[in-house]
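Protein chains in written order, with the numbering used here: chain A, 472 to 584; chain B, 243 to 354.
Ideal Cβ positions, reconstructed from N, Cα and C, are used throughout, including at glycine.
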């Protein structure tokens with residue numbers, strides 16, 4: 472399993488962009504890069520995933536380095552509701568695998584009004 | 243929570259008591275998971291089920307049993323609860339083009 476490194480915590484101001492980095496230098500060439508977040512007292516929530524190209528959805532954008540050894544989750548305008556722990560998780564690109572997610576400690580994002 | 247329900251939401255047990263945590267999905271997906279999350283930690287896999295009638299151990303299966311009698315439900319049983327099993331338990335399903343997972347709201351279990 473690929474090992475990930477994320478900052479323990481980050482702070483942002485409301486309505487400003489936030490860039491959450493993740494290093495995954497041992498990622499397999501075929502692994503997806505998934506991002507999840509966990510709001511206080513809730514279950515993890517899927518945010519976005521990518522393979523090689525940058526991706527956008529309604530929640531966030533994902534920028535993937537050309538060598539795939541790092542990625543950045545981008546929240547374009549942070550809100551108070553975005554305060555959560557964000558997890559970067561390389562995931563096997565194989566439906567037949569057990570497919571469990573390996574959670575690290577993630578980055579705790581605080582958003583100031 | 244994408245149609246994943248868990249019961250109960252909270253439970254307090256005494257050491258040695260037994261209980262079953264229930265998980266149900268309304269989306270007809272094959273893969274289901276049980277994770278536990280201890281305070282300040284990431285989630286760890288307890289058991290996995292690839293389909294009805296099949297289960298596999300995860301990282302921390304000791305002290306637990308599971309049952310997948312049908313496609314919709316995946317239950318987790320503690321036969322003799324111990325204080326070390328105090329945790330928040332999450333059920334999840336796997337779906338989507340990239341096999342992303344969707345989690346239930348969790349069961350907060352305290353064993354005294």
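Query                                                                                                           : Result
Opening and closing residue of the beta strand (DSSP E) in which residue 298 of chain B lies                    : 296 to 299
Cβ-based neighbour list, residue 505 of chain A, same chain, cut-off 6 Å, excluding 5 preceding and 5 following : 520, 560, 562
Chain-ordered chain A contacts of residue 332 of chain B [CB-CB under 9 Å]                                      : 514, 515
Reduced DSSP secondary structure (H/G/I, E/B, other) of residue 511 of chain A                                  : coil
Within chain A, partners of residue 273 of chain B - CB distance below 8 Å                                      : 570
Residues that DSSP places opposite residue 271 of chain B in a beta bridge                                      : Answer is none; residue 271 of chain B lacks a bridge partner.
Identity of the residue in B:331, B:338, B:305 nearest residue 278 of chain B by Cα                             : B:331
Buried/exposed call for residue 254 of chain B, threshold 16 Cβ in 10 Å                                         : exposed
In DSSP terms, what residue 578 of chain A is bridged to                                                        : A:557
Under 8 Å between C-beta atoms of residue 575 of chain A and residue 341 of chain B                             : no
Contacting positions in the region 480 to 500 of chain A - beta carbon closer than 8 Å to chain B               : none
Buried versus exposed, by CB contacts within 10 Å (16 or more), residue 475 of chain A                          : buried
Euclidean distance between Cα positions of residue 347 of chain B and residue 329 of chain B                    : 13 Å
Which of helix, strand or coil DSSP assigns to residue 492 of chain A                                           : strand
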